[in-house]
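**Q** Structure below; questions to follow.
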Amino acid sequence: MKEFTYTITDPEGIHARPAGELVKVAKEFSCKVTLTKDGKSGDCKKIFGIMGLAVKNGNEVVMSFDGEDEDAAYEKISAFMKENL
Amino acid sequence: MKTYYGKSVFNGIAIGKISIYQKGEQQVKRVKVDNTENEKKRYYAAVEQATKELQALYDKAVKEVGEANAAIFEIHQMMLQDDDYKESVENIVDSQQVNAEYAVATTGDNFSQMFAAMDDEYMRGRAADVKDISERLLNILSGKAKTGMDTDEPVIVLADDLAPSETVQMNKELVLSFVTVHGSVNSHTAILARTMSIPALIGTDIPLDDTVNGKLAIVDGSKGVIYVEPDESTLSEMQEKQKEELEQKALLQTLKGKPNVTLDGKEIKLYANIGNIKDLATVIQNDAGGIGLFRSEFLYLEKDNYPTEEEQFSVYKTVAETMAGKQVIIRTLDIGADKQCDYFELGKEDNPAMGYRAIRICLDRPEVFKTQLRALFRASAYGNLAIMYPMITSVWEVKKIKEIVEEVKKELTEQNIAFGNPSQGIMIETPAAVIISQELAKEVDFFSIGTNDLTQYTLAIDRQNTNLDDFYDAHHPAILAMIRMVIENAHKEGIWAGICGELGADMDLTQDFLAMGIDELSVSPGRILPIRKIILETNVAVLKK
Chain V
0 MKEFTYTITD PEGIHARPAG ELVKVAKEFS CKVTLTKDGK SGDCKKIFGI
50 MGLAVKNGNE VVMSFDGEDE DAAYEKISAF MKENL
Chain D
0 MKTYYGKSVF NGIAIGKISI YQKGEQQVKR VKVDNTENEK KRYYAAVEQA
50 TKELQALYDK AVKEVGEANA AIFEIHQMML QDDDYKESVE NIVDSQQVNA
100 EYAVATTGDN FSQMFAAMDD EYMRGRAADV KDISERLLNI LSGKAKTGMD
150 TDEPVIVLAD DLAPSETVQM NKELVLSFVT VHGSVNSHTA ILARTMSIPA
200 LIGTDIPLDD TVNGKLAIVD GSKGVIYVEP DESTLSEMQE KQKEELEQKA
250 LLQTLKGKPN VTLDGKEIKL YANIGNIKDL ATVIQNDAGG IGLFRSEFLY
300 LEKDNYPTEE EQFSVYKTVA ETMAGKQVII RTLDIGADKQ CDYFELGKED
350 NPAMGYRAIR ICLDRPEVFK TQLRALFRAS AYGNLAIMYP MITSVWEVKK
400 IKEIVEEVKK ELTEQNIAFG NPSQGIMIET PAAVIISQEL AKEVDFFSIG
450 TNDLTQYTLA IDRQNTNLDD FYDAHHPAIL AMIRMVIENA HKEGIWAGIC
500 GELGADMDLT QDFLAMGIDE LSVSPGRILP IRKIILETNV AVLKK
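Rendered as structure tokens:
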């Protein structure tokens, strides 16, 4: 399993549109991708799970990857988050 | 006649019958079933169908409101395909042995309640999206389409609120205006109204019943009002206003994008006057060549303490970037006289128009002036910014300003902060400045004539005093002679001269100004195109003969 911590810098936080994009990216991989905020976790392949966490600007989140292609998912999603969130 | 008020999202007049938009919510019955597999199959087929519909709506919305605003339909597709939603529906069908409709309705309610309970306003608003996709599935499952609008003539659409999917599916040719009881300025309905250029009101205090449905009404977007069953005088007044607007719109279409060149080839800068960053949209809509007078006072008047350098910088930078290379002339602080700001503690004056105001305050309180200059010089690195100083009467004032500007540049350089090289001009709004304009022209890059103050000082008439109306002559020969003198002196020293006062927008004088050789006219945004029309029809060489 791999993980990294990231602080959201998008002024609007993870609202519907970026949540949708994150789901799209996560679905490209077979490994489990989880976003954790304040002890609550959401499956990154489910848009309701992500939006339900109401992640805001300045929040610290932990992204974890577990499964066969976790290295590739780690690379791609960390780049995605730096660019978009 | 009944009058209701709302918040306007787009100006304009719409006259027509009101049609209340029927939500057509499905009544769902709970039915016991034996074959749960069959219910799940129906559900999967409905999801597939709904996804196709949403893709079509997305494509349609991209054309109507742009990609960013159409993205909501992509989100809806993802919500439809969401595993949690799907598992919830399957689970209800299996465990309770019920029909797909009931399972979808229950799941939709549960998920939308989850959003409605969140402590984040944006996320609470998403409850409507969940309801929207659930309704879509229910319509497909029951084979019934939404009723929507029952009309074949163009109407004023009245609704509690409108979901994005509802507005996109409407036949736009039948919509004269949107009026909603709820909704926000940034809602899809508001964006659509703006892109369609039709008047729209949100947050309107109107009842959704038979007292208004089907009745003739008028929406006046400029006032945020809807009149139901208008009386005859209101109706004829509004018809007249609508006619003027339509003429203006037609003019806009033919004149947009044309250069402001006279028949004999002289090009005029036709700029807009604005007093707030909120007015930027009207500047662009009216195709202004730039901003000839950006009054910076609002930054000071809207606050109860001095605006910081960063606050000012961010506003000036936004304006410069938005205008994308077009010139933006920002006038430095012009308070005093009729514009008062408590925290400046200016004290009472017997004759404030001739008192402590504008550049006099700035030169007397250089710390206030320097903050604004630093913000302006920094922002000028992001676009074509120019700075204009008001209420000049003497050459020494300009020289003093230049000294302060040099200090500001030196400080910025030492602090390693980037700044641009804005052109700098002055307002000519005192008779003294007119008389010494040739000397002043040697010191600056441009002149802009402020005719309001110039007229008041020249004629010795206070415009607020209605007893003096008989003595007040906006076209007084003394004023016109002064304008001519300023233009000639500017040209002798190789700089340009314009007018940013009210007289600049006086269309009876446009040809006179052109004959005098004016280089720039800065007017309220709505006047740009009518004046462009005059410029295009004028031959300066013929006028001079």
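Protein chains in written order, with numbering that gives the first Met the number 0: chain V, 0 to 84; chain D, 0 to 544. Glycine included, C-beta positions come from ideal geometry on N, C-alpha and C.
(1) Which value, in whole angstroms, describes the spacing of the CA atoms of V:Thr6 and V:Ile49?
(2) Please tell me whether D:Met117 has its Cβ less than 9 Å away from any Cβ of chain V.
(3) Counting only beta-carbon atoms, is D:Asp83 nearer than 9 Å to chain V?
(4) Less than 9 Å between the beta carbons of D:Leu269 and D:Glu52, yes or no?
(5) Listed in chain order, which residues of the region 64-75 of chain D have Cβ atoms closer than 9 Å to some Cβ of chain V?
(6) Name the residue from D:Cys340, D:Gly500, D:Glu172 and D:Ala287 whose alpha carbon lies nearest to the alpha carbon of D:Asp303.
(7) When you compare only the Cα positions, how much space is there between D:Leu250 and D:Ile530?
(8) Flag this pair as yes or no: are the beta carbons of D:Tyr381 and D:Lys316 separated by less than 9 Å?
(9) Can D:Glu296 and D:Leu332 be called in contact, C-beta distance under 9 Å?
(10) Taking all protein chains shown into account, decide if D:Asn259 is buried (16 or more other Cβ within 10 angstroms of its Cβ) or exposed.
(11) Residues of chain D with CB closer than 9 Å to the CB of V:Phe28, please, in chain order.
(12) DSSP three-state call for D:Arg330: helix, strand or coil?
(13) Evaluate contact between the region 364-374 of chain D and the region 303-314 of chain D, counting only Cβ atoms and requiring at least three cross-stretch pairs below 8 Å.
(14) Note down, in chain order, every chain V residue with its Cβ under 7 Å from the Cβ of D:Phe110.
(15) What does V:Gly19 reach in chain D if we use C-beta pairs closer than 8 Å?
(16) Please state the DSSP three-state secondary structure of V:Lys31.
(17) For D:Arg550, count neighbouring C-beta atoms within 10 Å of its own C-beta (all shown protein chains included) and say buried if the count is 16 or more, exposed if not.
(18) What residues match up with D:Phe293 in a beta bridge as DSSP calls it?
(19) Answer yes or no: does any C-beta atom of chain V fall closer than 9 Å to that of D:Pro128?
(20) Please decide whether D:Tyr471 counts as near chain V, where near means a Cβ-Cβ distance under 9 Å.
(21) Tell me the rounded alpha-carbon separation between D:Val178 and D:Glu301.
(22) Kindly indicate if chain D contains any beta-carbon less than 9 Å away from that of V:Val60.
(23) Does any residue of chain V bring its CB to less than 9 Å from the CB of D:Tyr42?
(24) Kindly indicate which three-state DSSP category D:Gly449 falls into: helix, strand or coil?
(25) Would you please verify whether the beta carbon of V:Gly51 is less than 9 Å from any beta carbon of chain D?
(26) Is there contact between the region 233-252 of chain D and the region 268-282 of chain D, where contact requires at least three CB pairs shorter than 8 Å?
(27) Considering only residues of the same chain and omitting the five flanking positions on each side of D:Asp452, which have a CB-CB separation below 6 Å?
(28) Taking the beta strand (DSSP E) that V:Asp65 belongs to, which residues open and close that run?
(29) Express the C-alpha separation of D:Glu120 and V:Asp68 in angstroms, rounding to a whole number.
(30) Count the other CB atoms, across all protein chains shown, that sit within 10 Å of the CB of D:Val541; report buried if there are 16 or more and exposed otherwise.
(31) Using CA atoms only, rank isn't needed, just tell me which of V:Val54, V:Met80 and V:Glu82 is closest to V:Gly38.
(32) Taking the beta carbon of D:His474 as the centre, do at least 16 other beta carbons fall within 10 Å, making it buried, or is it exposed?
(33) DSSP three-state label for D:Phe177, please.
(34) If you run the structure through DSSP and keep just helix, strand and coil, what is D:Thr321?
(35) Can you find a C-beta in chain D that's less than 9 Å from the C-beta of V:Val22?
(36) Using a Cβ cut-off of 7 Å, pull out every chain V residue sitting near D:Arg125, in sequence order please.
**A** From the atom records:
(1) 16 Å
(2) yes
(3) yes
(4) no
(5) Ala67, Ala70, Ile71, Glu73 and Ile74
(6) D:Cys340
(7) 11 Å
(8) yes
(9) yes
(10) buried
(11) Near V:Phe28 there are no residues of chain D at all, since even the closest Cβ is about 15 Å away, more than 9 Å.
(12) strand
(13) yes
(14) Phe47
(15) Ala70, Glu73, Ile74 and Met77
(16) strand
(17) Given that chain D is displayed from residue 0 to residue 544, the structure contains no residue 550 of chain D and the question cannot be resolved.
(18) D:Ile273 and D:Ile329
(19) The sequence as given places Asp at residue 128 of chain D; Pro does not occur at that position. True, the Cβ-Cβ gap to chain V drops below 9 Å.
(20) no
(21) 30 Å
(22) no
(23) no
(24) coil
(25) yes
(26) no
(27) Glu428
(28) Glu59 to Asp65
(29) 37 Å
(30) exposed
(31) V:Val54
(32) exposed
(33) strand
(34) helix
(35) yes
(36) Ala15 and Met50
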